[in-house]
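Enquirer:
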Amino acid sequence: MSRRLLLALPLLLAACSERPSFDPDVVKATRLGEGLPAGFMLGTSTAAHQVEGGNENQWSVWERGQWPDGRPHIKDGALSGAATDSWNRFDEDVRLMERLGSNAYRFSVEWARLQPTPEAWDTEALARYQQWARTLRQKGITPLVTLYHFTLPTWVADTGGWENAATLEAFEAYVARVAEALGGEVDWWCTINEPNVYAVLGYLEGEWPPGKQDMKATATVLSHLLEAHALAARQLRLKDTVDADGDGHATRVGLAHHVRVFQPASGTTADTTVAALTDSFFNESVVESVRTGRIRLSVPGQVSIDREVADLKGSIDYLGINYYTRDYVRQYLGEPALSRQYVPRGREKNDLGWELYPEGLYLFLTRYAKLGLPLMVTENGMADHSGERRPYFLQSHVYAVEQARAQGVEVLGYFHWSLLDNFEWAEGYEPKFGLFAVDLASPEKTRTDTPAVATFQDIARNLGLTPLP
Ligand code: GCO
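Quick note on numbering: this note's numbering labels position 305 of the sequence shown as 300, and the sequence is numbered without any gaps.
1. Identify every run of the beta strand (DSSP E) within the stretch 293 to 338, keeping only runs that are complete inside it and at least 3 residues long; order them along the chain.
2. Can you check which of these residues, N98, R456, R325, is closest to Q133 by C-alpha distance?
3. Under a Cβ-count criterion, where at least 16 other Cβ atoms within 10 Å of its own Cβ denotes burial, should T441 be classed as buried or exposed?
4. Which residue's Cα is closest to the Cα of R172: A227, L460, P353, F418?
5. Applying the criterion that 16 or more other CB atoms from any shown protein chain within 10 Å of the CB defines a buried residue, is L0 buried or exposed?
6. Just confirm the distance between the C-beta atoms of F35 and L458, as a whole number of angstroms; I'd bet it's less than 8 Å.
7. Measure the alpha-carbon distance for E175 versus E105 and round it to whole angstroms.
8. What runs of the beta strand (DSSP E), each 3 residues or longer, lie entirely inside the stretch 224 to 267?
9. Can you tell me which of the three DSSP states G355 falls into?
10. From G135 to R90, what distance separates their C-alpha atoms?
11. Helix, strand or coil, according to DSSP, for A160 in the structure here?
12. When DSSP labels each residue in this structure, what does V404 get in the three-state scheme?
13. Does the pairing of the stretch 11 to 28 with the stretch 428 to 440 give three or more beta-carbon distances under 8 Å?
14. Using 10 angstroms around the beta-carbon of D153, count the other beta-carbons present and answer buried if the total reaches 16, otherwise exposed.
15. Output the distance between the C-alpha atoms of R385 and S75, rounded to the nearest integer angstrom.
16. Which same chain residues, not among the five before or five after Q230, have their C-beta less than 7 Å away from its C-beta?
17. Go ahead and label A455 buried or exposed: buried means 16 or more other beta carbons lie within 10 angstroms of its beta carbon, across all protein chains shown.
18. Taking the alpha-carbon of W150 as reference, which of T162, Y363, R84, L139 has the nearest alpha-carbon?
19. Name the one or two DSSP bridge partners that Y124 has.
20. Measure the C-alpha to C-alpha separation of I69 and A421 and round it to an integer number of angstroms.
21. From L6 to A194, what does the alpha carbon distance come to, in whole angstroms?
22. If I measure Cβ to Cβ from G179 and keep anything under 7 Å in the same chain, skipping five residues before and after, which residues do I get?
23. Is any heavy atom of the ligand GCO found at a distance shorter than 7 Å from the C-beta of E419?
24. Taking all protein chains shown into account, decide if T112 is buried (16 or more other Cβ within 10 angstroms of its Cβ) or exposed.
25. Return the chain-ordered list of same chain residues with a C-beta closer than 7 Å to the C-beta of V46, the five sequence neighbours on each side being excluded.
26. Alpha helix (DSSP H) containing R108: first to last residue?
27. For the ligand GCO, I want to know if F277 counts as a neighbour, meaning its beta carbon is within less than 7 Å of at least one of the ligand's heavy atoms.
28. Measuring straight from C-alpha to C-alpha, what distance separates P462 and N159?
29. In whole angstroms, give me the CA-to-CA distance for W183 and K365.
30. Short check: CB of T450 to CB of L389, under 8 Å?
31. At what residues does the alpha helix (DSSP H) containing T461 begin and finish?
32. Would you call H244 buried or exposed, if buried means 16 or more other Cβ atoms sit within 10 Å of its Cβ?
33. Please determine, among K23, V433, A251, the residue with the shortest C-alpha to C-alpha distance to H224.
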């Protein structure tokens, strides 16, 4: 070996450990689940608007709208409508969870259902959510409840939604009521789902309501969502004082943070700089805000927010990670985000064109170990209409979790997105994310197994859980 190569070896090794590469044969030969500790939460994840059906909120209004050129806002003009009718089929869904052998379920409560107008409060709907949590616990399935998953009541959206600071107060009051009602059954909470995705898709890319393309508004919304998270954490700890599962914690508060690997499209300074900026804004700023209690959002020449927020520091007991994919980033000064993202030809992708890159989950779990807090994979899944590719997707991502744990990273659980095929926002019903496929045309919304059900059951068994027949 030449001397130069020898000198370069540590660097090369460092580069390798930064960018691991999983061998599919090794992944498939691993008895996944055996590497996870007893008590590890193995479950699935859904969101109210995507499965419940019959919701009337900011999104359902948007679904009925069009772009200036007459195209519907949602692909193929789809409406969330009855969705998978999970509002009425909860017990059926719990059977599916039991068949999987899962011991945890993440679902969200719908603000617009609970508080359809500022003065009205639907106590029956609240009681139903309470019953859901109780049922889950009786079946040995730990509920993890999300308080805000992308949908606002119309009365909140009409007064400016998350751009308006007054929304924070309304949200805090809503959280207080939910925490009081559900606290006896629920210990695990997720305040806000993906603040960064909500802000970017609604206010920067304009593909989601309210359809804006405005960097300043994006930053304002992101910063308000982080503040809302802090207020929610405070309310949860105040109002939920019942330790439902007797593990010594009445509340375990987290948020679900969507992370993406941003790979510079080339080695040029332009691309590496813009990829680092994107990473910093999209991935890092949320984590840094909750770590330091100080919201710092900056996009050179466009945005500079730097403010300390009461109760933000220390607001999470765990960090939820929603991980799906990697993007390649090329500088493009004409775009508000200063870049364009794409997936090169030849990479394996899901039906939505997202690259399948399980190593990215490992990268984020090891990266965010720096927080010194437990991590939880609150979402991970793939759009796959055939269902044939999901088994390996599931295996390789659980493998990533096991690899991270083997490095000493405390990962408490893995929630697959999703239990069922469901309403995929602007993409409508075409993408199929479910472990169980749903026949939307049938009045019963019939659920059938996809091949990954067996994969999930294997993992559950190896973890010591018992899938029911
Ligand atoms: C998100 C949401 C989910 C999506 C899922 C698949 O991550 O955007 O939490 O509601 O349906 O991620 O795109």
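Note that the Cβ used here is the ideal one computed from N, Cα and C, for glycine as well.
Expert: Inspection of the coordinates gives the following:
1. Listed in chain order, the complete beta strand (DSSP E) runs (minimum 3 residues) inside the stretch 293 to 338 are 298 to 303, 313 to 326, 334 to 337.
2. The shortest Cα separation from Q133 among N98, R456, R325 belongs to N98.
3. With fewer than 16 other Cβ atoms within 10 Å, it is exposed.
4. The residue from A227, L460, P353, F418 with its alpha-carbon nearest to that of R172 is A227.
5. Confidence at L0 is low in this model, with a pLDDT of 39, below 50, so the placement of that residue is unreliable and no value is reported for it.
6. About 6 Å separates the Cβ atoms of F35 and L458, confirming a contact at the 8 Å cut-off.
7. Note on geometry: alpha-carbon atoms of E175 and E105 lie some 16 Å from one another.
8. DSSP runs (the beta strand (DSSP E)) wholly in the stretch 224 to 267: 247 to 259.
9. Reduced to three states, the DSSP call for G355 is helix.
10. Distance between the alpha carbons of G135 and R90: 12 Å.
11. A160 sits in coil when the DSSP states are folded into three classes, being neither helix nor strand.
12. Correct three-state label for V404: coil.
13. In short, these stretches do not touch, since the Cβ pair count stays below three.
14. By the 10 Å Cβ count, D153 comes out exposed.
15. A direct Cα-to-Cα measurement between R385 and S75 gives close to 24 Å.
16. Closer than 7 Å at the Cβ level, and outside the excluded window around Q230, lie E167, V170, A171, A174.
17. With 16 or more Cβ atoms within 10 Å of its Cβ, A455 is classed as buried.
18. The residue with the shortest Cα to Cα distance from W150 is T162.
19. For Y124, which the question treats as bridged, DSSP gives no partner whatsoever.
20. Going from the Cα of I69 to the Cα of A421 covers about 5 Å.
21. Residue placement at L6 cannot be trusted, given a pLDDT of 38 that sits under 50; the coordinates are not used to answer.
22. Correct list, in chain order: V237, A239.
23. Yes, the Cβ of E419 comes within 7 Å of a heavy atom of the ligand GCO.
24. For T112, the number of other beta carbons within 10 angstroms of its own is below 16, and it is reported as exposed.
25. Contacts found: A78, T79, S81, L415, N417.
26. Counting along the chain, the alpha helix (DSSP H) containing R108 begins and ends at 106 to 109.
27. Incorrect: F277 has no Cβ contact closer than 7 Å to the ligand GCO.
28. Near 46 Å, if we compare the C-alpha coordinates of N159 and P462.
29. Each residue's Cα considered, the two are about 22 Å apart.
30. For T450 and L389, yes; Cβs fall inside 8 Å.
31. Looking at the DSSP string, T461 is not in any alpha helix (DSSP H), and its letter there is neither H nor E.
32. By the 10 Å Cβ count, H244 comes out exposed.
33. The shortest Cα separation from H224 among K23, V433, A251 belongs to A251.
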